[in-house]
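Okay, so here's the structure we're looking at.
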Amino acid sequence: MVLLISSCLIVMVCFYPFHPVLLYRGIVVFEDQEYYVKIYSREETVGKLNHKEVRINGQNYPLAYIKIKEALTLQNDGNVYHEVYLKTKLEKDLCIENNKVEVQFSLPKTSLFQEAIKKIKRVIYEGINKE
1 MVLLISSCLI VMVCFYPFHP VLLYRGIVVF EDQEYYVKIY SREETVGKLN HKEVRINGQN
61 YPLAYIKIKE ALTLQNDGNV YHEVYLKTKL EKDLCIENNK VEVQFSLPKT SLFQEAIKKI
121 KRVIYEGINK E
């Protein structure tokens, strides 16, 4: 009985849909007579930032557009990052240059099983391309 309950629980956890979230810490910058939120995003996650809405400091804001700058390496770990400028209508209390903000992007629904399959495919694809 315990085995049946635990296996049902494992199956439910693996297939339960959830929204993954990308979290960033950004700063408010004033450039070209407008306020932007600037974040640094890894090269592999830049393509996932194409949403119509962004959550800044716990509040949802409509996202007007995203401006992506050239690639750069910030740390010695070899990861490539992009400067990303988010244009949205910020509230007056956030429109302070160099103001630190927390930025969240909700990704489409997925499950642990789907994420595991994607990771396995990526590892296989990278292994084939190395040869």
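Heads up: the sequence shown begins at 1 in this note's numbering, then just goes up one per residue.
In this text, a Cβ means the ideal position worked out from N, Cα and C, and glycines have one as well.
This structure is a prediction, so every number in the text was calculated from the model and none was measured.
### Query
In the structure shown, what three-state DSSP assignment does G58 receive?
Looking up residue 58 in the sequence shown gives position 58. Taken through DSSP and simplified to helix, strand or coil, G58 comes out as coil.
### Query
According to DSSP, is V2 helix, strand or coil?
To locate residue 2, count along the sequence shown from 1; it is residue 2. Note: V2 maps to helix in three-state DSSP.
### Query
Leaving out the 5 sequence neighbours to the left and right, which residues in its chain are closer than 6 Å to R55 when beta-carbon positions are compared?
Sequence index remark: in the sequence shown, residue 55 carries index 55 (1-based). Result list for R55: Q104, in chain order.
### Task
Go to H82, then tell me how far its beta strand (DSSP E) extends in each direction, as first and last residue.
Taking the sequence shown and counting its residues from 1, the one referred to as residue 82 is at position 82. Unbroken beta strand (DSSP E) run through H82: Y81 to T88.
### Message
Would E70 and L63 qualify as a contact pair, given that the criterion is a beta-carbon distance under 7 Å?
### Response
Counted from its first residue, the sequence shown places residue 70 at position 70. Counted from its first residue, the sequence shown places residue 63 at position 63. Contact: no.
### Task
Assign T88 to buried or exposed, taking buried as 16 or more other Cβ atoms, counted over all protein chains shown, within 10 Å of its Cβ.
By 1-based counting over the sequence shown, the position of residue 88 is 88. Result: buried.
### Query
Are the CB atoms of G26 and V11 nearer to each other than 7 Å?
By 1-based counting over the sequence shown, the position of residue 26 is 26. By 1-based counting over the sequence shown, the position of residue 11 is 11. Contact flag unset, no.
### Task
Measure the CB-CB distance between E115 and V80 and report whether it falls below 7 Å.
Translated into the one-based positions of the sequence shown, residue 115 becomes position 115. Translated into the one-based positions of the sequence shown, residue 80 becomes position 80. No, they are not a contact pair.
### Query
Out of S6, D32 and V28, which has the shortest C-alpha to C-alpha gap to I39?
Your numbering for residue 39 matches position 39 in the sequence shown. Ranking the options by Cα distance to I39, first place goes to V28.
### Query
Helix, strand or coil for G78 per DSSP?
What you label residue 78 is simply residue 78 of the sequence shown in a count that begins at 1. The DSSP-derived three-state label of G78 is coil.
### Task
Starting from I96, follow its DSSP beta bridges and name the residues at the other end.
The residue labelled residue 96 in the question sits at position 96 within the sequence shown. I96 is not bridged to any residue.
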